[in-house]
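A.B. asks: If you scroll down you'll find the structure; I have some questions about it.
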Amino acid sequence: MLQKGILNPQILQLIARIRHTNTLVIADWAFPFWPQIETVDISLTRNIPTVLDVLDLLQPDFKIGRIWQAQEFLATNPAETVDRFDQAFSGFTEATVQRLPHLDFKAMVPGAIGLIRTGDTTPYGNIIIESV
-15 MLQKGILNPQ ILQLIARIRH TNTLVIADWA FPFWPQIETV DISLTRNIPT VLDVLDLLQP
45 DFKIGRIWQA QEFLATNPAE TVDRFDQAFS GFTEATVQRL PHLDFKAMVP GAIGLIRTGD
105 TTPYGNIIIE SV
């Protein structure tokens, strides 16, 4: 029986299918539903869990090459929130971060292997990660 790391069987199945250059969306509680990609909804209540909670749990076993986020994230969040995300992203030493317009970000979603919906309430805190 698993006793540490990610315990959710749906998330484990989802990330086990991700291969080189596949993408995964980690999104907030209000992120739209896309019927063409698998969605695992783990939102429990406001901010439990957060996008960064999920990213932190992925870090030991998931090699990320690129991270995308909406550029509106920078304009709508305080410096402390931006710093928290940037610090979390820096844990993936090979990853480059690209911030693009929110509509362009959303256009990338249907190409993802799946989406993990969290309870996060951070405006534009959604991310798309690409495996190396």
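Start counting the sequence shown at -15; every next residue gets the next number (our numbering).
Quick reminder that beta carbons are idealized off the backbone N, C-alpha and C, glycines included.
Because the structure is a prediction, the values reported are computed rather than measured.
Buried or exposed: Arg1, going by 16 or more other Cβ atoms within 10 Å of its Cβ?
C.D. replies: So Arg1 ends up on the exposed side.
A.B. asks: Does the segment 90 to 98 touch the segment 7 to 25, meaning 3 or more C-beta pairs lie closer than 8 Å?
C.D. replies: At 8 Å Cβ cutoff, the stretches touch.
A.B. asks: Once you ignore the five residues that flank Asp104 on each side, which residues in its own chain have a CB closer than 7 Å to its CB?
C.D. replies: So the list reads Asp12, Trp13, Asn31, Thr34 and Val35, once near-sequence residues are dropped.
A.B. asks: Along the alpha helix (DSSP H) that carries Ile112, what are the first and last residues, could you check?
C.D. replies: It is not in any alpha helix (DSSP H) - Ile112 instead sits in the beta strand (DSSP E) that spans Ile111 to Ser115.
A.B. asks: Can you find at least 3 beta carbon pairs, one from the segment 74 to 84 and one from the segment 44 to 57, that sit closer than 8 Å?
C.D. replies: Output reads yes: the segment 44 to 57 touches the segment 74 to 84.
A.B. asks: CB of Glu114 to nearest heavy atom of the ligand HEM: below 7 Å?
C.D. replies: Summarising the ligand content, the structure contains no ligands, and the ligand HEM is consequently not present.
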